[in-house]
Each structure stands twice: as C-alpha cells, then as structure tokens.
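> Quick one: this structure, given as structure tokens, is what I'll be asking you about.
Protein chains in written order, with the working numbering: chain D, 5 to 102; chain Z, 17 to 205.
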C-alpha cells in the first residue's frame, strides 16, 4: 500500500523537473531592424528600463546576439511568437545548451 | 514631400503625398499576399478559430519556401528541426494573422494624407512597416552591415535606373519613416 504513492511521487517529480527546465530567449542581430525599434520592443514588451533595453540592444548589435529573457518553456515560446510578430529574429534554447 | 512623424497631443502624426501613400499601400499589400495562408477547401473552422492551421497537420507541412516569408517567420529553434516544426504547427498561423491584421490596418491608414496614430495603433503600424523593410531587404540581398551602408548611401531618385536602385530608394524612404516614428514613440514611453 505504501509503495504506490512513493512511485507516483517520483514520476511526478521527474515530469515537473522537465517542465521547469529553464529556457532562454535569444535575439539575433540583423542589419535591417533599427536600433530604436529593438529598444522600443524590449521596453514595451518586457517592461525593461531604458538602461537595460539599451544594454541588451547594444549586445545584440555588437556581439551578434543577446539572451533577453529566461523562463519556463511555455513562457519563452510565447515570447518567441511575440518577437516574430514584431519582426525580430528570435530563437529559444534550453538554458544549459546555450 | 513627406513630413516625418512627430508627437502631438492627439497622437503620432505624419504627412504623406498621394504618390507616397500609393507606394506604401502597394508594399503593405505585397507583404499581405506573402503571408496569407493557403486556403484549403475542407478547412476545419475550429482549427482556424483557435489560431491553428489545419495545413499544419498534413504530412508535407514545412517551413516557408520563400526566403522573404522565412525571414518574417524564422525557425524558433535552429538546432532542432522537429521542435521548430512543432512551434510552427502551434504558432505560425496566429503570427501570420496578427501580421496581416497590422498590415491591413496600415494600408487603410494610407487613405488619408495626414496620418495620425494612437498609442494603441502605433506599435502595430511600426511592426507593419518593419515587415515591409524585412521583405524589401531580402529582395535587395541586404545581409550585412556593409550592404546596409551601401543601400543607405543611395539617395538620388533622378539617378535610379535599375529595379534594385529603385528598391533601395524605397527601402530608405520606409526606413526614414520608421525611424521618425520610433523616435516619437520612444519619447512617449
């Protein structure tokens, strides 16, 4: 009688662990998107301060890419869809793979 | 001559000549044509209602074959083709429809010479203009910062002889309009 809940608990924990694995949202540089537009999107969509948005935008511009958000898979997937809506070149990865 | 966007108490305002508006309307329309999903006769309205593409469940569903469309709808996960495809199945239809909505709204705004954007309309207009620039850039082969500078240097309409020179001038005009709008929008954040 006591074995069952124990087993179930392990399975649930394993699944929960997989769902919680953090994902990152990467924005890639391209020569088309305006710096002002990228900053605007970072400020208006993510609610970042002017300083943080500028810093991330410059990172995209100079380093070719920047990690602009971290979260669970569902959140990051919805961020990627929003970024594609804005026309930014966004991808997602598992955090440890990046 | 067009007048750049500026902040006014009623919103972001700009002025465009009739020829410029006609040009912009044509560009918005071109991008709409690129993005409109293929209509299948037996489409299940329930799929469409939840923003999913019934094409997405066909065997031959894949990423867009046109390079400009691919730039508008890039792979979400470049290291994992299956994950990218799954993302497309779930999200692409909705992204296409939001883009088309913004582009249609932008095309309608070209009916009048004085353009006035509210706080709510402005981000959608900016995204529509950005999509136009992405498609023009793809057609122009704009891939590097050097390409961007070369194209940016073209500014004389009287000297435009080839299609590419004309497209470059159009690209610069649209860029100028977006930049003026972004400066106005950043000021009002």
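Even for Gly, the Cβ is constructed at its ideal location relative to N, Cα and C.
1) Of all the CB atoms in chain D, is at least one closer than 8 Å to the CB of residue 131 of chain Z?
2) So, residue 143 of chain Z versus residue 21 of chain Z, is the Cβ gap smaller than 8 Å?
3) Taking its Cβ as the centre, do 16 or more other Cβ atoms sit within 10 Å of residue 17 of chain Z, making it buried, or is it exposed?
4) Give me the subset of the segment 40 to 51 of chain D whose CB atoms are less than 8 Å from a CB atom of chain Z, sorted by chain position.
5) Tell me where the beta strand (DSSP E) around residue 238 of chain Z begins and ends.
6) Is the segment 165 to 172 of chain Z in contact with the segment 55 to 65 of chain D, if contact means three or more CB pairs nearer than 8 Å?
7) Fully enclosed by the segment 111 to 197 of chain Z, which alpha helix (DSSP H) runs are 4 residues long or longer?
8) Does any residue of chain Z have a CB that is nearer than 8 Å to the CB of residue 95 of chain D?
9) In chain D, which residues lie less than 9 Å from residue 159 of chain Z when you measure between Cβ atoms?
10) Establish whether the CB of residue 60 of chain D and some CB of chain Z are separated by less than 8 Å.
11) Compare the C-beta of residue 55 of chain D against all C-beta atoms of chain Z and say whether one is closer than 8 Å.
12) Runs of 4 residues minimum, wholly inside the segment 25 to 76 of chain D: which ones carry the alpha helix (DSSP H) assignment?
13) Could you have a look at residue 100 of chain Z and say whether DSSP puts it in helix, strand or coil?
14) Any C-beta of chain D within less than 8 Å: which residues of the segment 143 to 172 of chain Z qualify?
15) Alpha carbon to alpha carbon, how far is residue 36 of chain Z from residue 105 of chain Z? Give it in angstroms, no decimals.
16) Pick from Z/186, Z/121, Z/178, Z/126: whose alpha carbon is nearest that of residue 153 of chain Z?
Reading from the atomic positions:
1) Chain D, which has no Cβ nearer than 8 Å to the Cβ of residue 131 of chain Z, makes this no.
2) With a cutoff of 8 Å on beta-carbon distance, residue 143 of chain Z and residue 21 of chain Z are scored as not near each other.
3) With fewer than 16 other Cβ atoms inside 10 Å of its own Cβ, residue 17 of chain Z counts as exposed.
4) Listed in sequence order: 40, 41, 43, 44, 47, 48.
5) Only positions 17 to 205 of chain Z appear in the structure, and residue 238 of chain Z is not among them; the question remains open.
6) Contact between the segment 165 to 172 of chain Z and the segment 55 to 65 of chain D is absent, because fewer than three Cβ pairs lie under 8 Å.
7) Counting only runs of 4 or more, we get 137 to 156, 161 to 168.
8) Yes, residue 95 of chain D counts as interfacial toward chain Z.
9) Here the neighbours are 34, 35.
10) The beta-carbon of residue 60 of chain D is placed no less than 8 Å from the nearest beta-carbon of chain Z.
11) Not an interface residue.
12) With a minimum length of 4 residues, the continuous alpha helix (DSSP H) runs that stay inside the segment 25 to 76 of chain D are 39 to 50, 54 to 67.
13) Of the three classes helix, strand and coil, the one that applies to residue 100 of chain Z here is helix, per DSSP.
14) Listed by position along the chain: 143, 146, 147, 149, 150, 153, 158, 159, 160, 161, 163, 164.
15) A direct Cα-Cα distance of roughly 37 Å separates residue 105 of chain Z from residue 36 of chain Z.
16) When only C-alpha atoms are compared, the closest one is Z/186.
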